[in-house]
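Residue numbers (the working numbering): 323 to 607.
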């Protein structure tokens, strides 16, 4: 456990104290201690910036897309694999859908670009040979959010499936037998046996996802930002990066990052309280 604990202590808890930059006019050459205090001035400048609100709207929209369309996919895939009687086939499919998790986002975005861009594979197959563009997903701003979700599903659904499969393997098989004897069909066995048995895991993962909901994929979106443009592809993380690293507005960018963290903490606390009211354990008691 020591390497993992050191990682969190150094890069998360240790770096947490750097949030003081959000309340200072931070200058890297001067240092944190010598930079003057500005109080909530950085937050005032942040809320007055239209680019921040545009990035916030894009972030929330993409977060909703991911929760609604991505989160159920690993569960559905786990249920399908769990229902396969031939274990060899189930393990083979699980291995295949799990492999993309180990690919970097650079490779994934390049693969989708080779298939869905204006000069990609699908456009060549659908075209009539006259050079006209029939399908250009990378040139269509309306396709940005669906494309982000499709790429995320293809890359990460196998990783999420492992957790749900572990939960499904812990379901008592005698419950299925008793339900079948009572005349319950596959759908009723799922609704009254499977779902209640794995509900704590589903709620736990959903709460954790809500806490990280505003982190919609920095590397993935950075690789798409130039193709779709900042108006479409700018999110809070990329806004913070470009304002801090590129433009040198360290204090305002730190305020945006701190605000995102506070919202995530509030969402976890609220979702955990709701889980307690529903009789579930949640993340903590």
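Beta carbons: idealized from backbone N, C-alpha and C, even for Gly.
None of the values given here were measured: they were computed from a predicted structure.
Thinking C-beta only, is residue 471 closer than 8 Å to residue 542? no
For residue 539 and residue 477, I'd like the C-alpha separation in whole angstroms. 12 Å
Could you spell out where the alpha helix (DSSP H) holding residue 496 opens and where it closes? 495 to 503
For residue 515, does the count of other Cβ atoms within 10 angstroms reach 16, so buried, or fall short, so exposed? buried
Distance CB(residue 557)-CB(residue 401) smaller than 8 Å: no
Throw me the rounded Cβ distance for the residue 364 and residue 570 pair, which I believe falls under 8 Å. Going by Cβ atoms, the distance from residue 364 to residue 570 rounds to 13 Å, so no, they are not a contact pair.
Take every Cβ of the segment 591 to 606, pair it with every Cβ of the segment 526 to 538, and state whether three or more of those distances are shorter than 8 Å. yes
If I'm right that residue 530 touches residue 586 with Cβ under 8 Å, what's the distance once you round it to whole angstroms? That belief does not hold up - the Cβ atoms of residue 530 and residue 586 are roughly 10 Å apart, past 8 Å.
Assuming residue 509 is part of the alpha helix (DSSP H), what are its boundary residues? 508 to 511
Leaving out the 5 sequence neighbours to the left and right, which residues in its chain are closer than 6 Å to residue 467 when beta-carbon positions are compared? 384, 387
Buried or exposed: residue 507, going by 16 or more other Cβ atoms within 10 Å of its Cβ? exposed
Assuming residue 383 is part of the alpha helix (DSSP H), what are its boundary residues? 372 to 387
Inter-stretch contact (C-beta, 8 Å, three-pair minimum) for the segment 458 to 467 and the segment 548 to 555: yes
Own chain partners of residue 498 with C-beta closer than 7 Å, once the 5 adjacent residues on each side are dropped: 511, 515
Determine the extent of the alpha helix (DSSP H) in which residue 549 is found, giving its start and end residues. 540 to 550
Leaving out five residues on either side along the sequence, give the residues of the same chain with a beta carbon under 7 Å from the beta carbon of residue 359. 345, 346
Would you say residue 415 and residue 403 are within 8 Å of each other, going by their C-beta atoms? yes
Closest by C-alpha distance to residue 597, when choosing among 522, 580, 545: 522
In terms of residue numbering, what span does the alpha helix (DSSP H) encompassing residue 485 cover? 466 to 491
Residue of 501, 495, 487, 462 minimising C-alpha distance to residue 548: 462
Quick check: what's the CA-CA separation for residue 443 versus residue 435? 9 Å
For residue 572, name the three-state secondary structure that DSSP assigns. helix
Pick helix, strand or coil for residue 359, following the three-state DSSP scheme. strand
So which of 593, 566, 324 has the shortest CA-CA distance to residue 350? 566
Expected contact under 8 Å - CB spacing of residue 419 and residue 483 to nearest Å: 7 Å
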